[in-house]
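Line by line, the protein sequences give chains C and S. Using numbering that gives the first Met the number 0, the letters of the first sequence map in sequence onto residues 0 to 295. Using numbering that gives the first Met the number 0, the letters of the second sequence map in sequence onto residues 0 to 374.
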Amino acid sequence: MRRYALIAVPYLWLLALFLIPFLIVVKISLSDTEVSIPPYTPTLDLSGGWQSVKDFFAALDFENFVFLTTDDLYWKAYLSSLKIAAISTVLTLIVGYPIAYGMARAEESWRPTLLMLVILPFWTSFLIRVYAWMGILSNEGYLNQLLLSLGLIGEPLTILNTNTAVYIGIVYTYLPFMILPIYATLERMDGSLLEAAEDLGCSRSGAFWLVTMPLSRPGIIAGCFLVFIPSLGEFVIPSLLGGSRTLMIGKVLWEEFFSNRDWPVASAVAVILLLILIIPIILFQRNEQKQREMDQ
Amino acid sequence: MTEPTVFAPWDDPDAKPLIRFQGVSKRFGSFTAIDDIDLDIFEKEFFALLGPSGCGKTTLMRMLAGFEAPSDGMIMLDGQDIAPVPPNKRATNMMFQSYALFPHLSVFDNIAFGLRRDRLPPEQIRARTEEMAALVQLGKFTSRKPHQISGGQRQRVALARALAKAPKLLLLDEPLGALDKKLRQETQFELMDIQEKTGTTFVIVTHDQEEAMTVASRVAVMDHGKLIQVATPDAIYETPNSTYVADFIGDVNIIKGRATPGDGRVSIAWAEGQPDLTSQTALNPAAGTEVFLAIRPEKVAISADKPAGRANTVQGKVLDIAYLGNISTYHVELAGGQIIKAQTANTDRITRRDFTWEDRVWLSWTDTAGVVLDR
Ligand SMILES: Nc1ncnc2c1ncn2[C@@H]1O[C@H](COP(=O)(O)OP(=O)(O)O)[C@@H](O)[C@H]1O
Ligand SMILES: [Mg+2]
Chain C
0 MRRYALIAVP YLWLLALFLI PFLIVVKISL SDTEVSIPPY TPTLDLSGGW
50 QSVKDFFAAL DFENFVFLTT DDLYWKAYLS SLKIAAISTV LTLIVGYPIA
100 YGMARAEESW RPTLLMLVIL PFWTSFLIRV YAWMGILSNE GYLNQLLLSL
150 GLIGEPLTIL NTNTAVYIGI VYTYLPFMIL PIYATLERMD GSLLEAAEDL
200 GCSRSGAFWL VTMPLSRPGI IAGCFLVFIP SLGEFVIPSL LGGSRTLMIG
250 KVLWEEFFSN RDWPVASAVA VILLLILIIP IILFQRNEQK QREMDQ
Chain S
0 MTEPTVFAPW DDPDAKPLIR FQGVSKRFGS FTAIDDIDLD IFEKEFFALL
50 GPSGCGKTTL MRMLAGFEAP SDGMIMLDGQ DIAPVPPNKR ATNMMFQSYA
100 LFPHLSVFDN IAFGLRRDRL PPEQIRARTE EMAALVQLGK FTSRKPHQIS
150 GGQRQRVALA RALAKAPKLL LLDEPLGALD KKLRQETQFE LMDIQEKTGT
200 TFVIVTHDQE EAMTVASRVA VMDHGKLIQV ATPDAIYETP NSTYVADFIG
250 DVNIIKGRAT PGDGRVSIAW AEGQPDLTSQ TALNPAAGTE VFLAIRPEKV
300 AISADKPAGR ANTVQGKVLD IAYLGNISTY HVELAGGQII KAQTANTDRI
350 TRRDFTWEDR VWLSWTDTAG VVLDR
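Here is the structure:
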């Protein structure tokens with residue numbers, strides 16, 4: 000009995016904080032806009048008895064989803080988000096792997112400090128950190144000032160309000176999510192495996208590609224999902240650092256919701272986004288599961 | 000012309016060693032792990048490094064494999080200084096204490112790993128890998144991953160992987176440490192069998208003296224980075240050169256006393272009011288110096304009456320009896336409080352025991368049974 004109670008806790012949590020809100024969003028996505036509060040119809044009125052429940056369900060339709068297919072803004076935004084998320088993930092991996100590797104190779108007494116440094120940015124608000132990047136990347140920003148004073152460039156580079164700034168922002172923000180799982184797999188790797196590889200005729204770099212890399216694969220996969228999944232729906236970074244031409248679904252969602260006050264269409268956009276995300280989330284879970292089996 | 004029938008290249012002054020350590024030392028900071036070692040190891044030898052934990056066995060091995068460089072001295076393989084040769088270019092392979100199997104590769108790919116690095120043709124790699132898998136009786140398990148096989152099987156994969164490249168020298172670092180006693184004994188014989196079949200020179204590290212005695216052609220006993228004695232197992236057992244070696248290998252009684260040298264023998268005054276012990280020896284200690292008589296328990300006879308015609312007889316009281324099935328060990332306390340162990344083989348089923356606790360008994364041994372040591 001107590002065991003069931005224990006298992007029930009996370010499920011109740013999921014039910015209350017994920018499933019019920021999701022069902023509400025689905026419901027809104029099937030409704031119609033209305034200039035009222037809340038800005039959609041129908042609303043469920045239980046006082047009318049069985050008949051009003053039937054009327055309620057009859058008023059729901061897939062109109063908004065059909066609408067999403069008629070305007071090419073939406074699928075372009077989805078595709079562009081996928082592209083930006085994928086490229087950012089690869090960039091984060093390229094930056095994060097060497098950092099994780101260096102940390103795992105550092106003296107054991109140094110490692111807690113290095114881990115601390117990776118996590119340190121979380122101590123200040125995410126929003127403030129992204130604003131700070133605006134100060135760094137703008138035309139009169141620190142980066143341009145530095146490059147100009149070094150004489151490396153003749154006139155300021157335009158970075159802010161371009162996709163480049165979005166990539167920089169995403170890589171910066173999600174780097175710890177890439178570093179930590181890779182570091183975890185590298186850190187527990189038995190050092191004698193590399194010696195064994197060398198003993199059997201591998202060069203140092205050969206041993207890296209044949210042993211270190213494959214053994215850190217679960218960490219790479221986990222890190223990639225942890226970066227890809229949130230950056231796909233990212234809203235703050237593209238709206239603060241990106242330009243008017245940076246198209247991301249998070250921004251579209253925000254505009255539908257707050258500028259157009261079209262809650263049903265915004266909800267439909269969110270539902271599709273969630274469906275797109277379910278695939279990588281399931282793959283991520285699989286990877287974790289496999290990793291656990293290997294460890295046993 | 001007499002053909003040498005026994006394998007003993009170390010006695011042949013013309014034999015060229017496969018490995019030669021010349022004044023090799025290894026220091027980690029101010030700590031000396033290996034202290035000025037000279038050692039020859041010959042082809043086809045099964046050489047055991049024996050010593051307590053931390054005495055430098057692994058360090059010696061890692062210098063051979065190329066993972067550590069000597070601080071002083073030179074190591075030669077086939078007459079060539081190996082210092083400039085990196086580990087991946089050395090004709091040595093190592094079986095690691097932890098096995099170090101690649102967890103992401105199958106048994107087959109683990110064994111084939113070294114062969115693939117040599118860029119051999121695929122069919123040759125396949126044939127050699129299968130041959131090695133069969134040699135260690137793992138033919139049926141080649142598609143499994145290391146985490147899908149037992150500890151004993153993993154250890155055999157590690158052995159096959161190290162043997163696959165047919166190295167001139169195979170280094171085994173406590174290869175059987177993780178196995179239980181019975182499996183360990185079986186594997187020891189398997190190892191000897193494989194060594195004979197392949198003709199590879201083996202250097203094995205162990206802290207288990209029984210294991211060293213079982214498998215090795217020669218044993219080196221180490222302590223604090225120094226070689227104390229290098230000899231065949233029977234020489235180490237019968238004629239240890241120090242009380243350290245005598246004590247480390249098997250059970251031994253050590254009696255301390257003052258020497259009175261005679262002609263090829265010494266008398267040892269070991270306790271007030273007791274007759275001197277006497278033993279033949281090549282040692283020629285000065286009169287009055289401190290010496291030790293080391294004598295194995297199985298060479299000490301125990302009897303109720305004083306035996307006639309034995310060189311050494313002492314009387315004592317039975318303190319303890321350890322019945323081990325095949326043998327019994329009596330712990331006998333002598334007059335001076337010294338305890339001597341005497342062993343008898345239980346050739347009959349114990350219907351009667353000759354001695355019991357508190358019995359007064361006589362211990363005796365011949366003048367060739369013990370070894371006189373000066374350190
Ligand atoms: N890389 C190293 N740095 C410092 N000390 C070491 C290192 N490797 C070994 N030692 C020291 O050298 C001594 C011998 O170690 P080792 O050869 O591993 O002993 P064994 O294998 O006989 O147990 C130990 O005291 C150990 O602490
Ligand atoms: Mg060791």
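Glycine is no exception: its CB is placed at the ideal position from the N, C-alpha and C atoms.
#1: May I have the straight-line CA-CA distance separating S:Ile-253 from C:Glu-107, to the nearest angstrom?
#2: With three or more beta-carbon pairs closer than 8 Å as the criterion, would you say the segment 190-207 of chain S touches the segment 21-30 of chain S?
#3: Can you list, in chain order, the residues of its chain whose CB lies under 8 Å from that of C:Leu-276, leaving out five sequence neighbours each side?
#4: Kindly provide the ranges of any alpha helix (DSSP H) runs that are 4 or more residues long and lie completely inside the segment 166-215 of chain C, ordered along the chain.
#5: Using beta carbons (cut-off 8 Å, strictly below), is C:Leu-214 in contact with chain S?
#6: Would you call C:Asn-143 buried or exposed, if buried means 16 or more other Cβ atoms sit within 10 Å of its Cβ?
#7: Can you look up S:Ile-326 in the DSSP assignment and give me helix, strand or coil?
#8: Quick check on the contact list: which residues have their beta carbon closer than 5 Å to a heavy atom of ligand 1?
#9: Which residues of chain C have a Cβ atom closer than 7 Å to the Cβ of S:Ala-68, listed in chain order?
#10: Return yes when the Cβ of S:Ile-320 is within less than 8 Å of the Cβ of S:Gln-342, no when it is not.
#11: At least one CB of chain C closer than 8 Å to the CB of S:Asp-117: is that the case?
#12: Just to confirm, is the Cβ distance from S:Pro-8 to S:Phe-46 under 8 Å?
#13: For the alpha helix (DSSP H) that contains C:Ala-57, what are its first and last residues?
#14: Do you know how far the Cα of S:His-330 is from the Cα of S:Gln-208?
#15: Consider the Cβ of C:Ala-195: report whether some Cβ of chain S lies at a distance smaller than 8 Å.
#16: Give me the chain C residues within the contact set of S:Ala-64, using Cβ-Cβ distance strictly less than 7 Å, ordered along the chain.
#17: Applying the 10 Å Cβ sphere with the 16-neighbour rule, what's the burial state of S:Asp-39?
#18: Tell me the DSSP secondary structure of S:Met-0 in three-state form.
#19: Any heavy atom of ligand 2 closer than 7 Å to the beta-carbon of S:Val-220?
#20: Does chain C have any CB closer than 8 Å to the CB of S:Lys-164?
#21: From S:Ala-303 to S:Asn-311, what does the alpha carbon distance come to, in whole angstroms?
#22: Assign C:Thr-42 to one of three DSSP states: helix, strand, or coil.
#23: Ignore the nearest five residues each way along the sequence and tell me which others in S:Ala-286's own chain have a CB closer than 7 Å to its CB.
#24: Say whether chain S places a C-beta atom closer than 8 Å to the C-beta of C:Ser-108.
#25: Just how far apart, CA to CA, sit S:Met-0 and S:Val-251?
#26: Using the beta-carbon of each residue, which ones in chain S are nearer than 8 Å to C:Leu-185?
According to the data block:
#1: 46 Å
#2: no
#3: Ile-228, Leu-231 and Gly-232
#4: Listed in chain order, they are 190-198 and 203-206.
#5: yes
#6: buried
#7: strand
#8: S:Phe-27, S:Ala-32, S:Ser-52, S:Gly-53, S:Cys-54, S:Gly-55, S:Lys-56, S:Thr-57 and S:Thr-58
#9: Chain-ordered listing is empty here: chain C has no CB closer than 7 Å to the CB of S:Ala-68, the nearest sitting near 14 Å.
#10: no
#11: Chain C, which has a Cβ nearer than 8 Å to the Cβ of S:Asp-117, makes this yes.
#12: no
#13: 48-57
#14: 22 Å
#15: yes
#16: Asp-198
#17: buried
#18: Note on S:Met-0: pLDDT 44, under 50, position unreliable in the model; no value is reported.
#19: Because no heavy atom of ligand 2 lies under 7 Å away, the Cβ of S:Val-220 does not count as near it: no.
#20: yes
#21: The straight-line gap from Cα to Cα measures roughly 15 Å.
#22: coil
#23: Close CB contacts of S:Ala-286 within its chain, under the 7 Å cut and outside five residues either way in sequence, are with Ala-258, Thr-259 and Pro-260 (chain order).
#24: no
#25: Summary for S:Met-0: the model assigns pLDDT 44, below 50, so the residue's position carries little reliability; its value from the coordinates is reported in the next sentence. Whole-angstrom Cα-Cα distance: 41 Å.
#26: Ordered by position in chain S, no residue passes the 8 Å Cβ test against C:Leu-185, which lies about 14 Å from the chain.
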